[in-house]
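**Q** Pasting a structure here, questions to come.
Now the structure itself:
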């Protein structure tokens, strides 16, 4: 290699070797050892005392996908179950940008003024490419996040339909056992299906905004039929008129739907989350709903129906997990997938072969 600095015309000049670069990793960094998980009895004791740190660890345990965490999580849930069921579970959904997080901030403060405790389970969308989530909903609930009576837990949706985290149902049980008598479940927005959130809450609140095009086309009929209350946000300033117009349109549209199972006629209200206008009226509507369904027996019937629904959902989940974690099935799926991609076998024939093999192995 040619080194011009060694030429005779540069005699007397020296080339410095340069400054030694520091290591990329901090040499003083010591690997933190994760604290071992306490036994189920200790976790349950902390939850029942309302220890937020223990509650957070228990929720993390429930959300964990590690096989060794599953048994411990189920034991904690079973022991907390007798202390649950004593809260108002409210699902909150709406189009992106409707102001769900801001509304939860002011709704939550209104609830906490009457005493009690509030848990907010904010579901954040997971990226289909990286599988990651920002989990930044807590930053938009500035007042609730510093309130001693509030517990805010952002969780990734992890691909769940309807934007509901797979373990939100169990998290509700833990929060209720910790003494939180108001549970808000915020979904990622109107998407493929909101059936999951509807199957775990008592009241389903739909937040809409006016002036975003055809209001009746901005939401799917299935979501409208599930909603127990519809509220039009950002009804302030010059937007009061459009919000009231949207309110009238929704009220007319609701009359076209069949009667609800509960017998309750969903109400449509306007409010402003940013300026905190109409918040009390929205909560009075929710109070009227609970008084109505508790009076006609629908409240308990719905809770029982939800428990049955989640039993079957858990069975489906465990069957899928048992199937895809089978080592022989994993190998067979790889081979069958190669055959399908090479057009040597149809997708249906390959699926039938794998399923029949699984059924034979388990004597089904």
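Residue numbers (my numbering): 3 to 366. Backbone N, C-alpha and C define an ideal beta-carbon position, used for all residues, glycine too. Note that the coordinates shown come from a computational prediction; the quantities given were computed from them, not determined experimentally.
Consult DSSP for residue 121 and reduce its assignment to one of helix, strand or coil.
**A** Indexing the chain shown from 1 puts residue 121 at position 119. Residue state, collapsed to three classes: strand.
**Q** Can you tell which of 316, 315, 337, 360 has its C-alpha closest to the C-alpha of residue 326?
**A** Here residue 326 corresponds to residue number 324 of the chain shown, with the count starting at 1. With distances taken between Cα atoms, residue 326 lies closest to 360.
**Q** State the CB to CB distance for the pair residue 376 and residue 209, rounded to an integer number of angstroms; the pair is presumed to be in contact (CB under 8 angstroms).
**A** Lying outside 3 to 366, the shown extent of the chain, residue 376 is not represented and no answer is given.
**Q** For residue 361, report the span of its beta strand (DSSP E) as first-last.
**A** Position 359 of the chain shown, counted from the start, is the residue given in the question as residue 361. Not the beta strand (DSSP E): residue 361 falls in the alpha helix (DSSP H), residues 349-363.
**Q** State the Cα-Cα distance for the pair residue 333 and residue 354, rounded to the nearest angstrom.
**A** Position 331 of the chain shown, counted from the start, is the residue given in the question as residue 333. Position 352 of the chain shown, counted from the start, is the residue given in the question as residue 354. Roughly 15 angstroms between the two C-alpha positions.
**Q** Thinking C-beta only, is residue 146 closer than 8 angstroms to residue 111?
**A** Counting from 1 along the chain shown, the entry for residue 111 is found at position 109. Counting from 1 along the chain shown, the entry for residue 146 is found at position 144. Between residue 111 and residue 146, the gap from beta carbon to beta carbon is short of 8 angstroms.
**Q** Return the residue from the list 257, 97, 40, 235 that minimises the CA-CA distance to residue 78.
**A** Taking the chain shown and counting its residues from 1, the one referred to as residue 78 is at position 76. The candidate whose alpha carbon is nearest that of residue 78 is 40.
**Q** Buried or exposed for residue 365, going by 16 or more other Cβ atoms inside 10 Å?
**A** Here the question's residue 365 lines up with position 363 in the chain shown. It is exposed - the Cβ of residue 365 has fewer than 16 other Cβ atoms within 10 Å.
**Q** Expressed to the nearest angstrom, what Euclidean distance is found between the alpha-carbon atoms of residue 235 and residue 60?
**A** Taking the chain shown and counting its residues from 1, one reaches residue 235 at position 233. Taking the chain shown and counting its residues from 1, one reaches residue 60 at position 58. Spanning the two alpha carbons is a distance of roughly 35 angstroms.
**Q** Tell me the rounded alpha-carbon separation between residue 330 and residue 357.
**A** As a first step, residue 330 is located in the chain shown; it is residue number 328 there, counting from the start. As a first step, residue 357 is located in the chain shown; it is residue number 355 there, counting from the start. Cα to Cα, residue 330 sits roughly 12 angstroms from residue 357.
**Q** Within 10 angstroms of its Cβ, does residue 107 collect 16 or more other Cβ (buried), or is it exposed?
**A** For the purposes of this step, residue 107 is taken as residue 105 along the chain shown, with counting starting at 1. Answer is buried; the Cβ neighbour count reaches 16.
**Q** Reducing DSSP to helix, strand and coil, say where residue 93 ends up.
**A** If you number the chain shown from 1, residue 93 lands on position 91. Three-state DSSP puts residue 93 in a strand.
**Q** Does the region 83-92 touch the region 51-70, meaning 3 or more C-beta pairs lie closer than 8 angstroms?
**A** no
**Q** According to DSSP, simplified to helix, strand and coil, what is residue 178?
**A** As a working note, residue 178 is residue 176 in the chain shown. Helix.
**Q** In this structure, does DSSP put residue 239 in helix, strand or coil?
**A** The sequence position of residue 239 within the chain shown is 237, counting from 1. When DSSP states are grouped into helix, strand and coil, residue 239 belongs to the helix group.
**Q** Run through DSSP, which three-state label would residue 153 get?
**A** Counted from its first residue, the chain shown places residue 153 at position 151. The answer is strand: DSSP assigns residue 153 an E or B state.
**Q** For the pair the region 235-249 and the region 270-277, tell me if three or more CB-CB distances fall below 8 angstroms.
**A** yes
**Q** Below 8 angstroms between beta carbons: does that hold for residue 123 and residue 184?
**A** The residue labelled residue 123 in the question sits at position 121 within the chain shown. The residue labelled residue 184 in the question sits at position 182 within the chain shown. Going by C-beta atoms, residue 123 is not nearer than 8 angstroms to residue 184.
**Q** Just to confirm the assignment: which complete alpha helix (DSSP H) runs, minimum length 4, are found wholly within the region 292-327?
**A** 300-326
**Q** In this structure, how does DSSP classify residue 260 when only helix, strand and coil are distinguished?
**A** By one-based count along the chain shown, residue 260 stands at place 258. The DSSP-derived three-state label of residue 260 is coil.
**Q** Which residues bound the alpha helix (DSSP H) around residue 76?
**A** Counting from 1 along the chain shown, the entry for residue 76 is found at position 74. Start and end: 69-82.
**Q** Please report the distance separating the alpha-carbon of residue 181 from that of residue 50.
**A** Position 179 of the chain shown, counted from the start, is the residue given in the question as residue 181. Position 48 of the chain shown, counted from the start, is the residue given in the question as residue 50. About 7 angstroms.
**Q** Check for me: the beta strand (DSSP E) holding residue 31 runs from which residue to which?
**A** On the chain shown, residue 31 is found 29 positions in, with the first residue counted as 1. Where residue 31 is concerned, there is no enclosing beta strand (DSSP E), given that its DSSP letter is neither H nor E.
**Q** Would you identify the three-state DSSP class for residue 54, choosing helix, strand or coil?
**A** Your numbering for residue 54 matches position 52 in the chain shown. If DSSP states are grouped into helix, strand and coil, residue 54 belongs with the helices.
**Q** CA-CA distance, residue 296 and residue 302?
**A** Locating residue 296 in the chain shown gives position 294, where the first residue counts as 1. Locating residue 302 in the chain shown gives position 300, where the first residue counts as 1. Straight-line Cα distance between these residues: approximately 7 angstroms.
**Q** Which one of 63, 347, 24, 20 has the shortest CA to CA distance from residue 37?
**A** Residue 37 sits at position 35 when you count from the first residue of the chain shown. For residue 37, the nearest C-alpha among the options comes from 63.
**Q** Would you mind reading off the limits of the beta strand (DSSP E) that contains residue 271?
**A** Start at 1 with the first residue of the chain shown, and residue 271 comes out as number 269. Taken as a continuous stretch (DSSP letters only), the beta strand (DSSP E) holding residue 271 covers 269-272.
**Q** Taking 7 angstroms as the limit between beta carbons, can you name the residues of its chain near residue 281, skipping five residues before and five after?
**A** Position 279 of the chain shown, counted from the first residue, corresponds to residue 281. Excluding sequence neighbours, residue 281 sits near 108, 109, 112, 273.
**Q** On the DSSP bridge list, what partners appear for residue 109?
**A** By one-based count along the chain shown, residue 109 stands at place 107. Answer is none; residue 109 lacks a bridge partner.
**Q** How about residue 155 and residue 202: are their beta carbons less than 8 angstroms apart?
**A** For this step, residue 155 is matched to residue 153 along the chain shown. For this step, residue 202 is matched to residue 200 along the chain shown. In this structure, residue 202 does not lie closer than 8 angstroms to residue 155 by Cβ.
**Q** CA-CA distance, residue 99 and residue 212?
**A** Position 97 of the chain shown, counted from the first residue, corresponds to residue 99. Position 210 of the chain shown, counted from the first residue, corresponds to residue 212. Cα-Cα distance, rounded: 11 angstroms.
**Q** Let me know the secondary structure DSSP gives residue 9 once reduced to three states.
**A** Within the chain shown, numbered from 1, the residue matching residue 9 stands at position 7. Reduced to three states, the DSSP call for residue 9 is coil.
**Q** Between residue 249 and residue 239, what straight-line distance do the alpha-carbon atoms span, to the nearest angstrom?
**A** For this step, residue 249 is matched to residue 247 along the chain shown. For this step, residue 239 is matched to residue 237 along the chain shown. Distance between the alpha carbons of residue 249 and residue 239: 16 angstroms.
**Q** Since residue 278 is in the alpha helix (DSSP H), which residue starts that stretch and which ends it?
**A** Taking the chain shown and counting its residues from 1, the one referred to as residue 278 is at position 276. That residue, residue 278, is in no alpha helix (DSSP H); it is neither H nor E in DSSP.
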